[in-house]
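Contents: one structure, followed by commentary.
Residue numbers (this note's numbering), protein chains in the order written: chain A, 389 to 1053; chain B, 389 to 1053.
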């Protein structure tokens, strides 16, 4: 086999079976139900060594079975994607109002068995937190992947769309964790990707969307706002031009007819050189609504990214603040977007740094559909050469109280629709997959993909619970294995944060590829990402006395962040300019804290390696060795991070480490 | 016309003519003589508005003429490339022992006329300082040029060799300034360039070498040391392997037969990832000599670059010193190279920075042919977007006393053969040409190409003299024009040095493309180019108490450089680690000097612009405007340099500018 199965490994388990497992009854031949049947057969036979029989004929009363039952009249009870697992005598029932619900319920049952959870404990109703649980693939049609660290694309090769058995396994994998929408191509739509919305690609897109449909996944495409020009149809892409509007109307009629199960489009406009409505003096609402009107007749949605900022800043200009730009650009448009438009809000407000505050735009827009965008692929968090389990970070974001209203004010509430009653909302994440055999380059990075899916389905799952599930499904239920790998995962984000840029300052990376330390790498560049470290202080004052960024938050977040004494210390340097002698709550000076955490972070990696070594022999040897190799690299690289950052600050301040450890002078 | 003629513009001049100009007699039909005749016709008709007649028939005694006379028995008097201009009654004689001499003499006559020098003053014998006056083109076969800032290659396109009328004009241009050897392809021999030594290219190379021959130019190629492997002939390129040796012998037999007028090969071995003898545990002498033996039967030469250093250094390792590597690698091999090998020694010892000491290898090797390598293309000196007239720098190098012996110890002497009596020596320079209409991207950058040729012919020409010649030939003999442009040129290198990296420290550029300021750009990288600036000092101690680099120089250079008090201040930070409060001879502190020079450098550019504006209307408007555009960019960019460097040091030291000028904090 050319690729592996990640958390759908279906290891053999010691599970109390019953005759019900031998027979699968389904009352519908919906394509998602048939996928569920197939998956149950695959999973049960592999894990329990039985060969279930399936049928859509009502079984005899005495025949025990797993029953997949669509109850079309129970939509209120189960929702569009929810399900119930129930025991009815000796039968195991999976009930739902839709085929998608049946599919999710079946995956849930399999997950429970794989993790040896007794059937009784699996019973109950489960529904997703948010309606949209998307993956964004930044795959290019030439097969490369922007910010991809797991090989090339399995969606594209040499400008063709690939649909094959790996595509189906991809759909199985992501469906099993609740993903229901996938954007297959890069938000930067260039070269042949512009032509994805032309007949050349309709057959293969239809094949792909049909594969996706059987797993409850809507196909989305990233769209080029200038397509009318770039496809040589018109001279303008002005959303107020009637020719442009009718071009888009015809185009959408054409593609939605040719490609069923198309969900809609994702657009990066007026951002980092991409075209957009600004060129015509129109607003983002003008641009998004034009497209939204064109896709509305087909039930399509427009997902519009809010990652809009000045990427031609002069470092000498201290009045601009990139952190403010998302809010500044979009907040004034609240209420102007049509119902089938959702704004996709990147978190953090700057980019995907290891530590940033929650975007102030989340929750602020009361009349706009909102999607939270996070990044699974580890662009700024070690590029899958470092272990960095990101679920705890995403959980913090989801649990964050925006104080946009008295109740239901957490980000989780905002993006699930609880806050303002939106229908089109949810979560999107930049995927970390590629065509390497293990899908994610690093074996441990699969925990992030798995965790993203699970968390976007159920924001209340804990990071530990998700880790434990994933380890059992992927590696082994051996408690030593679960404990060791879970410890590695849970300690990995804090460790990475410790040995890289401190206290929310971010960006101390090599420009372009973003790998490895470079403290001044972006300091004099045009991207608006400055730490402004000098001989006595570091940071940008984003308080009301500074750039005023803190004012974008509701009270009391505003006051909390605005005051250096109440600002959470992990975000201290995001919000404040602080002297190296400033005393933290630990009693340490800021600089000593920087030195200490950088030594600690490296020690943490050493500990992770010894934990990994402790499970040698308990998991697959190939996986053990290739992961050990990455961990050893991580240690070397963490030492480089430590030394480069400590040296940088030592050279700038002349202040020695209190403990006399080696800092290269 | 698609391209311009630079200093072969042949503007109309007001010159005292005589009937002799009407008739050109040549006593030989050597191809170089015929080129000379053709050039005289072109030049005289354009400048003097006459149509000379030419003949190889001895003219009537009464017929006045320009007489091109090869005197084969006068080789001792004129040398292989020298000539004499003499007046004989009303005849103008150009005498030489070879066709090349006649050609150089003819160009000299034309140059004199263009610059309105009276015939009497042109009389005399002239011979080149050094036998080899080479250009190295870093052109790739796909048409790109490494470190090229003047468009694409005119030698290669889509893996083909181009030979056309532009090639001929190229040969005319460089021959007119005395160039006698040209390497057409990049020293980094990759992709199709590896196949240049296969029959696929022999026809076009022959055509090219024939074109070159008519202008006294030998064709050289850069060679891939691993060619036996890369051309799939053998499994090894070990110079001690007999199969390798005979493969090279056969290969050289083949190519020298197919391509007459081939001069030999240039090799970059064991350098920045290129293959070389180190892979087989052999020395550079072993590698070079193997090739030298193979080309010797055909009169060929091997030019071997000395740019060998560890490009995988760890910045934390303070024991290594890249500056030492050329000497350390090659000095022990002195005396081991065959006579038809020349070592091409890059200056400076680090790379082509705006200010470096002279390489200590020059003159140190007593039994080895030496070629001085400089760079015309402005990789580190503004990339032809900044004016930076480099002739004064090269002159300093040539005039430098190595003290390798009591007399004839200057670099000029070493590379002309005066010091040790070598035959195969001279100067090589990385060219700054491309297929832009004006050849060098920036019009003013042509002064560097011109100046390199003239200086390598005659190391005693002054920078001012060369500038003045070039301006008159290119633009106008109008004294205002000559004065203004000459002032711009002469002030340009000092200005560039002032607003970029100070006092010989170098390298404060963006990595990779090397354009624009980035003080720490290379500071934590693997290239061995560190300034190690901290809160109190900057520089690497390369003295006998430091890395010991100074010991590579002869006395008294060693002592001069070794002592901070006697070290020339422009090189202070190359040799010494110096506190910011150190008092320079000007009475200023080091840091105040850095601030001051950075403000001054920008002011110098402002002055250059106003000088340029002063000649508006006096030169071609197109050239005026396109140059003004570059100058205006240079001013903006110089300000960025100034601000980034001043801010960097202010942030590191907290020391304010004494004069209170704006330094971004």
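Heads up, the beta-carbon is just placed ideally off N, CA and C, and yes, glycines get one too.
Query: Listed by chain order, chain B residues near residue 802 of chain A by CB distance under 9 Å; Result: Here the premise fails: no neighbours, minimum Cβ distance about 39 Å.
Query: Sequence-distant residues of its chain with Cβ nearer than 6 Å to residue 472 of chain A (five each side left out); Result: 483 and 513
Query: Residues from the segment 922-944 of chain B in contact with chain A, defined by Cβ distance under 7 Å; Result: 922, 923 and 924
Query: The segment 800-809 of chain A touching the segment 851-870 of chain A, judged by at least three CB pairs closer than 8 Å; Result: no
Query: Span of the alpha helix (DSSP H) around residue 1037 of chain A; Result: 1009-1041
Query: Same chain only: Cβ atoms within 7 Å of residue 719 of chain A, ignoring 5 sequence neighbours per side; Result: 749, 752 and 753
Query: Any C-beta of chain A under 8 Å from that of residue 1053 of chain B; Result: yes
Query: Minimum C-alpha distance to residue 866 of chain A - residue among A/1003, A/537 and A/506; Result: A/1003
Query: CB contact check: residue 698 of chain B to chain A, cutoff 8 Å; Result: no
Query: Chain A contacts made by the segment 1033-1052 of chain B, where a contact means CB separation under 7 Å; Result: 1039, 1040, 1041, 1042 and 1052
Query: Simplified DSSP assignment, three categories, for residue 576 of chain A; Result: coil
Query: Chain B contact residues for residue 908 of chain A, given Cβ-Cβ distances below 9 Å; Result: 906, 907, 908, 909, 911 and 1036
Query: For residue 455 of chain A, the residue or residues it bridges with in DSSP; Result: A/413 and A/481
Query: Sequence-distant residues of its chain with Cβ nearer than 6 Å to residue 1044 of chain B (five each side left out); Result: none
Query: Residue ranges of each alpha helix (DSSP H) within the segment 658-724 of chain B, 4 or longer; Result: 672-683 and 713-718
Query: Residues, ordered as in the chain, of the segment 674-707 of chain A that lie near chain B by beta-carbon distance below 9 Å; Result: 702, 703, 704 and 706
Query: Any 3 or more C-beta pairs closer than 8 Å across the segment 510-529 of chain B and the segment 567-575 of chain B; Result: yes
Query: Collapsed DSSP secondary structure at residue 389 of chain A in the structure displayed; Result: Residue confidence for residue 389 of chain A is low, a pLDDT of 49 falling below 50, so the modelled location carries little weight; the figure read from the coordinates is stated next. Note: residue 389 of chain A maps to coil in three-state DSSP.
Query: Straight-line Cα distance separating residue 464 of chain A from residue 812 of chain A; Result: 18 Å
Query: Chain A contacts made by the segment 1012-1033 of chain B, where a contact means CB separation under 7 Å; Result: 1031 and 1032
Query: Backbone secondary structure at residue 495 of chain B - three-state DSSP; Result: helix
Query: Closer than 8 Å to chain C by CB, residue 984 of chain B; Result: Although the question refers to chain C, the structure presented lacks it and instead comprises the protein chains A and B.
Query: Simplified DSSP state of residue 870 of chain A, which is helix, strand or coil; Result: helix
Query: DSSP three-state assignment for residue 644 of chain A, whether helix, strand or coil; Result: helix
Query: Distance between residue 861 of chain A and residue 397 of chain A (C-alpha atoms, nearest Å); Result: 7 Å
Query: Separation of residue 790 of chain A from residue 941 of chain A, as counted between CA atoms; Result: 8 Å
Query: DSSP bridge partner residues for residue 443 of chain B (one or two, in chain order); Result: B/413
Query: Alpha-carbon spacing of residue 660 of chain A relative to residue 654 of chain A, whole angstroms; Result: 16 Å
Query: Exposed unless 16 or more other CB atoms sit within 10 angstroms - verdict on residue 704 of chain A; Result: exposed
Query: Identity of the residue in A/599, A/943 and A/623 nearest residue 794 of chain A by Cα; Result: A/943
Query: Element boundaries [alpha helix (DSSP H), containing residue 841 of chain A]; Result: 834-845
Query: Minimum length 4: unbroken alpha helix (DSSP H) runs contained in the segment 939-982 of chain B; Result: 945-950 and 960-963
Query: Best match in B/1024, B/561 and B/557 for proximity to residue 774 of chain B [C-alpha to C-alpha]; Result: B/1024
Query: Contact between the segment 552-559 of chain B and the segment 596-606 of chain B (3+ Cβ pairs under 8 Å); Result: yes
Query: Any C-beta of chain B under 8 Å from that of residue 389 of chain A; Result: Residue placement at residue 389 of chain A is poorly supported in this model, since its pLDDT is 49, which falls under 50; the coordinates still yield a value, given next. With 8 Å as the cut-off, residue 389 of chain A does not count as an interface residue toward chain B.
Query: Residue range of the unbroken beta strand (DSSP E) whose run includes residue 651 of chain B; Result: 650-655
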